[in-house]
Amino acid sequence: MANTSNVKLTIAFTDLDWDDEERETEAQRLLAEMFELDEVENVYRPLDPHPPEGNKALGGFLVGLLTAEVSAGNAKKLCGFLGDRLSGKSIELEVEANGRKLKVKANSREELAAAVEAAQKFVTG
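Numbering (numbering that gives the first Met the number 0), first residue to last: 0 to 124.
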């Protein structure tokens, strides 16, 4: 029986040389690109459950973070897309599927390729 549950991927930009504005810019850029993908069922910015008092500049979103939901069948395609778009950037990728979670970090092109491959295997098997 085919798995029809959704897969949730959370991407966090973690480059220590970037300030919040740079992480935010990258997250917004990726969000806009993912909105255009037919494979993505939902993409959004997670809200900060404890925003600083008086914070209005970032609208209460967690800085440098976004989450996408895709069908299990499209998860591999999305991982390939992410591999192309995020190459050379420091990220944390959390994949949730079938009640399980996988969290991987990548700080280089090679680590990202390994992280994307691990995520694809996690989703399919």
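Beta carbons: idealized from backbone N, C-alpha and C, even for Gly.
Would you call residue i buried or exposed, if buried means 16 or more other Cβ atoms sit within 10 Å of its Cβ?
i: E20; result: exposed
i: G124; result: exposed
i: F34; result: exposed
i: L15; result: exposed
i: R99; result: exposed
i: D18; result: exposed
i: M0; result: Low per-residue confidence applies at M0: pLDDT is 35, beneath 50, and the placement is therefore not dependable, though the value from the model is reported in the following sentence. With fewer than 16 other Cβ atoms within 10 Å, it is exposed.
If the criterion is Cβ atoms closer than 8 Å, does the pair residue i and residue j meet it?
i: I90; j: T24; result: no
i: V122; j: K75; result: yes
i: R44; j: F60; result: yes
i: E32; j: E68; result: no
i: F80; j: L30; result: no
Throw me the rounded Cβ distance for the residue i and residue j pair, which I believe falls under 8 Å.
i: S4; j: N97; result: 6 Å
i: V115; j: A71; result: Contact doesn't hold; Cβ gap of about 16 Å is too wide.
To which residues of the same chain is residue i closer than 6 Å at the C-beta, ignoring the five residues directly before and after it?
i: V94; result: L8, L101, A118, F121
i: G87; result: R108
i: R22; result: F12, V62, G63
Can you name, in chain order, every residue of its own chain whose Cβ lies under 7 Å from the Cβ of residue i, other than the five neighbours on each side?
i: A132; result: Coverage of the chain is limited to positions 0 through 124, which leaves residue 132 absent and any answer about it impossible.
i: G82; result: L111, A112, V115
i: E38; result: V69, N73, K76, L77
In chain order, what residues of the same chain have a beta carbon less than 8 Å from the beta carbon of residue i, not counting five sequence neighbours either side?
i: A26; result: I10, F12, R44, V62, G63, L64, L65
What are the complete beta strand (DSSP E) segments, minimum 3 residues, inside the segment 62 to 110?
-> 64 to 70, 90 to 96, 99 to 105
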